[in-house]
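Below you'll find the structure, written out as structure tokens, and then a few comments.
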Amino acid sequence: MNKELNDDIYFMRQALVEAQAAYDADEVPIGAVVVCGGVIVGRGHNLTEQLGDVTAHAEMQAITAAANTLGGKYLVDCTLYVTVEPCLMCAGAIGWSQLRRVVFGAPDVKRGYVCQTSRSPFHPKAVVVSGVLEEECSSLMRKFFCSKR
-3 MNKELNDDIY
7 FMRQALVEAQ
17 AAYDADEVPI
27 GAVVVCGGVI
37 VGRGHNLTEQ
47 LGDVTAHAEM
57 QAITAAANTL
67 GGKYLVDCTL
77 YVTVEPCLMC
87 AGAIGWSQLR
97 RVVFGAPDVK
107 RGYVCQTSRS
117 PFHPKAVVVS
127 GVLEEECSSL
137 MRKFFCSKR
């Protein structure tokens, strides 16, 4: 395996730790981390129920934390790892923050940005990688929603 794939797996596992924290708090289990220079500079998981805020998605939490850590709103040298494909709202925030790389685990065929738009909402230079630890990411979501039915 190459170094980039090893890094992607490692950091996606860190996003899964955040997703598990959301699951444990009875939130939709999505987690995210922002990485810059091989270091996690922002973490987040869904907090929509706890905060009563529909915008409190994992990606938004991680982006805000990273911007605070780095002292600026643009995350041009950073990568976002998120367990589930971002929704259109989060994809817009990813674009505005100018993240250069987005790595997600599981697709979201109902609410993911891919099914919502034909044009990428990300920065033109952004690279998107999908399917990293897809089964683990999907499994946690299935487990959560099965427990709700």
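Residues in the sequence shown are numbered consecutively from -3, following the working numbering. Each residue gets a CB set at the ideal place from its N, CA and C atoms; glycine is no exception. Remember, it's a predicted structure, so these values are computed and weren't measured experimentally.
Rounded to the nearest angstrom, what separates Q112 and N2 at their Cα positions? 30 Å
Compare the C-alpha of P103 against each of S135, L43, A122 and R145 and name the closest. S135
Is the beta carbon of A52 closer than 7 Å to that of T65? no
Opening and closing residue of the alpha helix (DSSP H) in which I90 lies: L84 to S93
Please name the residue or residues paired with S134 in a DSSP beta bridge. According to DSSP, S134 bridges with nothing at all.
Straight-line Cα distance separating P120 from G67: 23 Å
Between the C-alpha atoms of G108 and D49, what's the straight-line distance to the nearest angstrom? 19 Å
Among the residues of its own chain, which have a CB less than 7 Å from the CB of E130, if the five just before and after it don't count? G101 and A102
Around the Cβ of S93, are there at least 16 other Cβ atoms within 10 angstroms (buried) or fewer (exposed)? buried
What do you get for A21, buried or exposed, if any count of 16 or more other CB atoms within 10 angstroms of its CB means buried? exposed
Does DSSP classify S126 as helix, strand or coil? strand
State the CB to CB distance for the pair V37 and T75, rounded to an integer number of angstroms; the pair is presumed to be in contact (CB under 8 Å). About 10 Å; that fails the 8 Å criterion.
Please classify L43: does DSSP put it in a helix, a strand, or coil? coil
N-terminal and C-terminal residue of the alpha helix (DSSP H) that Y77 is part of: Note, Y77: premise wrong, no alpha helix (DSSP H); beta strand (DSSP E) at C74 to V80.
Please list the segments of the alpha helix (DSSP H) lying wholly inside the stretch 17 to 61, counting only runs of 4 or more residues, in order along the chain. 44 to 47
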